[in-house]
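Novice: Numbering (our numbering) for the sequence shown: 394 to 677.
Just so it is clear, CB atoms sit at the ideal spot from N, CA and C, and this is done for glycine as well.
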Amino acid sequence: MNTNRSRTERWRECLQQIRDRGGSLEVSVDVDEASSNGATNLVWRVRLQAIDDERLVLEQPVALGQTMRLEPGLRLVVSMSIGQNRWMFRTLSIEPSAGDMRGLLHISAPTMVERCQRRNFFRATTAGFNLPLVQGWQLTDPETAVAAEVASRIPFEEAEQGESPSAQGLEAPISLMPEVAGAFQGQLVNVGGGGAGLIVPPASRPGFDSSGRYWLRLALGADMPGPLAMSARCVHQHLDSSQNLHLGFAFDFSLHPEHRDFIVRQITRYVDKITGMQRGRQAG
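1) Applying the criterion that 16 or more other CB atoms from any shown protein chain within 10 Å of the CB defines a buried residue, is E423 buried or exposed?
2) Which of the three DSSP states, helix, strand or coil, is assigned to G579?
3) Does F514 pass the burial test, meaning 16 or more other C-beta atoms within 10 Å, or should it be called exposed?
4) From this set, S647, I667, W404, V436, which residue's C-alpha is nearest I475's C-alpha?
5) Output the distance between the C-alpha atoms of P535 and V420, rounded to the nearest integer angstrom.
6) So, are the CB atoms of G605 and A432 less than 7 Å apart?
7) Decide if the stretch 570 to 586 is in contact with the stretch 495 to 510; the criterion is three or more beta carbon pairs, one per stretch, under 8 Å apart.
8) In angstroms with no decimal places, state the Cα-to-Cα distance between H649 and G587.
9) Please confirm whether G555 and G590 have their CB atoms less than 7 Å apart.
10) Taking the beta carbon of Q659 as the centre, do at least 16 other beta carbons fall within 10 Å, making it buried, or is it exposed?
11) Pull up the DSSP beta-bridge partners for L524, would you.
12) Could you give the distance in angstroms between the alpha-carbon of Q459 and the alpha-carbon of F644?
13) With a threshold of 6 Å, establish whether the CB of A643 neighbours any heavy atom of the ligand FMN.
14) On the DSSP letters alone, give me the boundaries of the beta strand (DSSP E) that T661 sits inside.
15) Skipping 5 residues on each side, what residues in its chain have a beta carbon closer than 7 Å to that of H631?
16) If you draw a straight line from the C-alpha of G466 to the C-alpha of I592, how long is it?
17) Considering Cα atoms alone, identify which of R662, F601, V527 is closest to A574.
18) For P595, which option in Q580, P454, I656, A622 has the closest C-alpha, if you only look at C-alpha atoms?
19) Would W608 and A540 qualify as a contact pair, given that the criterion is a beta-carbon distance under 7 Å?
20) Since I believe V527 is in contact with R610 (beta carbons under 8 Å), could you give me their beta-carbon distance rounded to a whole number of angstroms?
21) Find out if the Cβ-Cβ distance for the pair R440, Q453 is shorter than 7 Å.
22) Going by beta-carbon coordinates alone, are L621 and I656 separated by less than 7 Å?
23) DSSP three-state call for L449: helix, strand or coil?
24) With DSSP run on the structure shown, which of helix, strand or coil describes V539?
25) Indicate whether S486 and L469 have their beta-carbon atoms separated by less than 7 Å.
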């Protein structure tokens with residue numbers, strides 16, 4: 394057996410390794426048919442709990458402490474990795490089996506997977522993920538971010554009143570900027586219980602300083618009224634072999650606690666929107 398085929402057929406063994414070590418898979422609602430409407434993949438890292446011939450059992454996704462329950466019947470995109478080996482597959486969420494795992498996410502076990510080159514994995518054409526864009530700045534005065542976060546809500550409030558925003562995504566105008574220095578742009582790789590993972594290409598990497606606080610704008614897409622803006626701290630970083638910078642951010646609501654609830658509501662609405670779009674296509 395040649396090396397490439399051997400690596401491809403090791404995915405079942407790798408699933409077992411991930412489960413045995415208490416590792417995670419990356420899961421997202423499949424937005425492939427809706428990507429033309431600007432929908433992006435919100436990716437969660439979720440712990441793999443159990444495996445059998447028919448299903449994988451994972452924790453339900455969580456964002457800022459809020460569980461994002463994915464109901465049975467949704468098409469999902471899933472990726473897994475060990476070392477330099479990485480695979481992705483499409484599957485369905487299914488009804489939970491009986492027993493003590495009913496509160497978890499059950500998905501059909503894959504029958505085949507696509508092996509992805511790790512250095513190209515975060516390109517949508519290779520990975521099957523259309524990742525949200527992110528802008529970031531280092532905050533020179535963190536207290537000025539409070540007013541900027543309040544101003545970032547204006548497009549959402551206008552949308553609730555039936556007004557259409559003049560622009561969406563990162564093209565939406567910034568009503569108010571905090572005091573910042575420098576800038577970078579990347580992609581939102583995953584979200585979790587208290588923060589997010591970003592990948593920043595080499596062109597945006599020079600001069601990045603992980604100390605202090607940052608102001609981030611996340612463009613989720615799918616007709617969201619505007620990007621989500623919040624303060625965050627960089628808690629870890631590393632370079633990959635392609636010189637992309639991987640950043641882990643913890644969202645920081647210490648100066649503006651009520652802003653957390655707003656962000657959670659908008660993420661929940663986005664998940665509801667993309668799952669609703671998928672179910673609408675299935676019904677049609």
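Specialist: So, from the data block:
1) Locating residue 423 in the sequence shown gives position 30, counting from the first residue. Checking the displayed sequence, the identity of residue 423 turns out to be Asp instead of Glu. By the 10 Å Cβ count, D423 comes out buried.
2) The count along the sequence shown starts at 1 and reaches residue 579 at position 186. DSSP places G579 in strand when its eight states are reduced to three.
3) As a first step, residue 514 must be located in the sequence shown, where it is residue number 121. Note that F514 scores a pLDDT of 46, beneath 50, so its modelled location is shaky; the value from the coordinates is reported in the next line. With 16 or more Cβ atoms within 10 Å of its Cβ, F514 is classed as buried.
4) Here residue 475 is taken as the residue at index 82 of the sequence shown, counted from 1. It is W404.
5) Position 142 of the sequence shown, counted from the start, is the residue given in the question as residue 535. Position 27 of the sequence shown, counted from the start, is the residue given in the question as residue 420. Straight-line Cα distance between these residues: approximately 33 Å.
6) In the sequence shown, residue 605 corresponds to position 212, counting from 1. In the sequence shown, residue 432 corresponds to position 39, counting from 1. It is not a contact, given that the beta carbons lie outside the stated cut-off.
7) no
8) Indexing the sequence shown from 1 puts residue 649 at position 256. Indexing the sequence shown from 1 puts residue 587 at position 194. Each residue's alpha carbon lies about 15 Å from the other.
9) Numbered from 1 along the sequence shown, position 162 holds the residue referred to as residue 555. Numbered from 1 along the sequence shown, position 197 holds the residue referred to as residue 590. No, the pair does not count as a contact, with Cβ atoms beyond the cut-off.
10) In the sequence shown, the residue the question calls residue 659 occupies position 266. Buried is the call here.
11) By one-based count along the sequence shown, residue 524 stands at place 131. Answer by DSSP bridge pairing: none, since L524 is not bridged.
12) Taking the sequence shown and counting its residues from 1, the one referred to as residue 459 is at position 66. Taking the sequence shown and counting its residues from 1, the one referred to as residue 644 is at position 251. About 14 Å.
13) Only the bare structure without any ligand can be found here, which leaves the ligand FMN out of the picture.
14) Residue 661 sits at position 268 when you count from the first residue of the sequence shown. First-last for T661: 651 to 676, but that is the alpha helix (DSSP H), not the beta strand (DSSP E).
15) Residue 631 sits at position 238 when you count from the first residue of the sequence shown. Only H639 meet the Cβ criterion.
16) The count along the sequence shown starts at 1 and reaches residue 466 at position 73. The count along the sequence shown starts at 1 and reaches residue 592 at position 199. Between G466 and I592, the alpha-carbon positions lie close to 31 Å from each other.
17) Within the sequence shown, residue 574 is the residue found at index 181, counting from 1. Looking at the Cα atoms, F601 is the closest of the given residues.
18) Along the sequence shown, one-based indexing puts residue 595 at 202. Out of Q580, P454, I656, A622, Q580 has the C-alpha closest to the C-alpha of P595.
19) Position 215 of the sequence shown holds residue 608. Position 147 of the sequence shown holds residue 540. Inclusion of W608 and A540 in the CB contact set at 7 Å is not warranted, their separation being larger than that value.
20) Sequence index remark: in the sequence shown, residue 610 carries index 217 (1-based). Sequence index remark: in the sequence shown, residue 527 carries index 134 (1-based). That pair is a contact at about 7 Å.
21) Looking up residue 440 in the sequence shown gives position 47. Looking up residue 453 in the sequence shown gives position 60. Result no, Cβ atoms of R440 and Q453 do not sit closer than 7 Å.
22) Taking the first residue of the sequence shown as position 1, residue 621 is located at position 228. Taking the first residue of the sequence shown as position 1, residue 656 is located at position 263. Cβ atoms of L621 and I656: closer than 7 Å.
23) Counted from its first residue, the sequence shown places residue 449 at position 56. L449 falls in the strand class under three-state DSSP.
24) Here residue 539 refers to the residue found at position 146 of the sequence shown. Annotated three-state conformation of V539 is helix, per DSSP.
25) On the sequence shown, position 93 is the one that residue 486 refers to. On the sequence shown, position 76 is the one that residue 469 refers to. Yes; because the gap between Cβ atoms is below 7 Å, this pair is in contact.
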